[in-house]
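Since the structure comes first, as C-alpha cells, the remarks are kept for the end.
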Amino acid sequence: MTAERKTRWQTTCAPLSRARSRDPKLAQHPINPNAASRKAQSPLHTLRLSADIDGITRAATLLRDGALVAFPTETVYGLGADATSGTAVANVYAAKGRPAFNPLIVHVASITEAKRYALWSDAADRLATLWPGPLTLVLPQAAASPLASLTTAGLNSVALRIPAHPVARALLATFGGPLAAPSANLSGRISPTTAAHVTDGLTGRINAILDGGACTVGLESTIIGLTDPDGSATLLRPGGLPQNMIEDVLDAALKTPDQTNITAPGQLASHYAPNASLRLNAAEVDPGETLLGFGQAPNATLNLSPSANLSEAAANLFDHLHQLDATGAARIAVSPIPEHGLGQAINDRLRRAAAPRG
Ligand code: AMP
Ligand code: MG
21 MTAERKTRWQ
31 TTCAPLSRAR
41 SRDPKLAQHP
51 INPNAASRKA
61 QSPLHTLRLS
71 ADIDGITRAA
81 TLLRDGALVA
91 FPTETVYGLG
101 ADATSGTAVA
111 NVYAAKGRPA
121 FNPLIVHVAS
131 ITEAKRYALW
141 SDAADRLATL
151 WPGPLTLVLP
161 QAAASPLASL
171 TTAGLNSVAL
181 RIPAHPVARA
191 LLATFGGPLA
201 APSANLSGRI
211 SPTTAAHVTD
221 GLTGRINAIL
231 DGGACTVGLE
241 STIIGLTDPD
251 GSATLLRPGG
261 LPQNMIEDVL
271 DAALKTPDQT
281 NITAPGQLAS
291 HYAPNASLRL
301 NAAEVDPGET
311 LLGFGQAPNA
321 TLNLSPSANL
331 SEAAANLFDH
341 LHQLDATGAA
351 RIAVSPIPEH
361 GLGQAINDRL
371 RRAAAPRG
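Residues are numbered in the numbering used here as their position in the sequence shown, beginning at 1, plus a constant of 20.
Put into C-alpha cells, the structure is as follows:
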C-alpha cells in the first residue's frame, strides 16, 4: 500500500467524528445529510454555483473535502462524490434515499487516468476513441486501484466514463481525481436534465449544484462490458451512443447479456456475496462464528462502525466482507443494524449476501 493510499484509507475509514476533528475543512461542510441517526438532521445549505472558473474551483474544493456536488454532463446531471472516499460515496446513497447499493459509474478526465483504475485491453483502446461522450466501459479493476469498495459495490470490475460536457470536464480536471456520479435525483424519480430539476429533488440534501444549463443528450450513457475473458464486448445498457457506432469502431458485433455469462446490469445488485454464510441480527456470537460488529460489540473481529454511524458502516461494508472472507471464516454473524437511512441499503445488501445460494 502506498503512503498516499494509506492516508486515504485512514481518512476514509476512521470514524467520521475523528476524521472531522482532525480536518477542519470537513467540519465546515456537513456531509452526512440523513445517514447517521433517526434524529432529525437540519437540512444542508445547498449552494447554487455558476459554471465559471470561480464556481468550478469552489465545486472542486468542496468535492476534495468529501462534499456532494451535482454537475452537468451531456447525458443527465450527476451527483458527484470523490470516488476514493467511502464516506463521500455513502453520502451519495443517503442523499438519493437509495434503498440498495448499486455500483456507480466513475467519471474521469483522461484515458491516462482511466488506466489507473482498470486493466486495459485492445478493445478498450478502440472504444476509448469514442470518448469523451455518453459511453461507459466496464473493465476489470486494477489491483492497485484506490477506488472505495462502495463505489463498485465490492465488485472487481469498474465502470468508467469520460463525459463530453465542458463543465464536467473542467470540474474533473480541476478536482484532479475520479468522481463517482449516479444521476442527481431522489431514488425512483426521473433523471434531471436541468439544474432546476436537481434543485427540486435534492435541495437541502447535497452541498452544491453547479449550474451548466440543460443537458443535450438527456439519455443515460451506453454501457459496454469488457470483462469477458475471451475479449468480446457486451452491450449491458443501450443509451446515448448508438450501438452501430460502437460496432463500427470494434469491427465486431456486440454481444447481448444473454449471449455471455457475465453479469448483466439488472443482476448486479446481487453480485458480491462472501464465501462465508451470514447470520443477520445476531445478538450474540455462536461457537464457530466470526462477528461483524456494529456499534458496541466487544467480541467483533471487525466492526462496521464502533460509534454506530451508518455512513461509516456503509463505507466499510464491502471491505469488511472481503477481509473476513480472506480470513477463511466459514460463518459470519452480523450485529443488528437499524433499518433506517443508509441502514436500509446495508441490510438489503446483507440480506442478499445471506440468502441461500443457488
Ligand atoms: P447509472 O444508473 O447511470 O448510475 O449506471 C450505473 C450502472 O452502471 C449500474 O447499474 C451497472 O449497470 C453499471 N455499472 C456501474 N459500475 C459497474 C461495475 N463496477 N461493474 C459492472 N457494471 C457497473
Ligand atoms: Mg438514475
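Even for Gly, the Cβ is constructed at its ideal location relative to N, Cα and C. What you are looking at is a predicted structure, and each value in this text was computed from that prediction instead of being measured.
Beta-carbon proximity list for residue i, same chain, < 7 Å, skipping 5 on both sides
i: G197; result: D102, T104
i: G224; result: P63, L64, T66
i: S177; result: V158, L159, P160, Q161, T247
i: G363; result: L330, I357
i: A296; result: L344, D345, A349, A350, R351, I352
CB-CB length for residue i against residue j, believed under 8 Å
i: I352; j: P294; result: 7 Å
i: A87; j: A228; result: 7 Å
i: S169; j: F338; result: 4 Å
i: I226; j: L99; result: 7 Å
i: D231; j: L69; result: 7 Å
6 Å CB neighbourhood of residue i in its chain, flanking five on each side removed
i: A134; result: V128, L180
i: P376; result: none
i: Y97; result: A90, A204, P212, V218
i: G313; result: A320, N323, S355
i: T156; result: I125, A179, R181, S241, I243
i: I76; result: A190, L191, T194
i: S41; result: Annotation note: pLDDT 35 at S41 (below 50); position unreliable, coordinate value reported separately. Closer than 6 Å at the Cβ level, and outside the excluded window around S41, lies no residue.
Residue of the options minimising C-alpha distance to residue i
i: A71; options: H185, I210, A143; result: H185
i: T107; options: P160, T171, Q343; result: T171
i: V109; options: V187, A346, P277, A333; result: A333
i: S141; options: V126, V158, I125, N176; result: V158
i: L191; options: R68, A349, D345, P92; result: P92
i: P183; options: A193, S177, N176, L167; result: A193
i: V237; options: L222, E94, N323; result: E94
i: L175; options: A349, R371, L341, G363; result: L341
i: A188; options: G233, G117, G308, R146; result: G233
i: I131; options: D278, P123, G153, P318; result: G153
i: V112; options: A201, D220, I73; result: A201
i: L239; options: D220, L230, R257; result: R257
i: L206; options: T149, A328, D220, E309; result: D220
Sequence-distant residues of the same chain with beta carbon closer than 8 Å to residue i, five excluded per side
i: A272; result: S252, A253
i: E359; result: N367
i: T276; result: T254, L255
i: L147; result: L155, L157, I244, L246, A253, I266, V269, L270
> Per the contact definition of three or more C-beta pairs closer than 8 Å, is the segment 348-364 in contact with the segment 296-314?
Replying inline: yes
> What is the chain-ordered set of residues for which the beta carbon lies under 6 Å from any non-hydrogen atom of ligand 2?
Replying inline: P202, S203, S211
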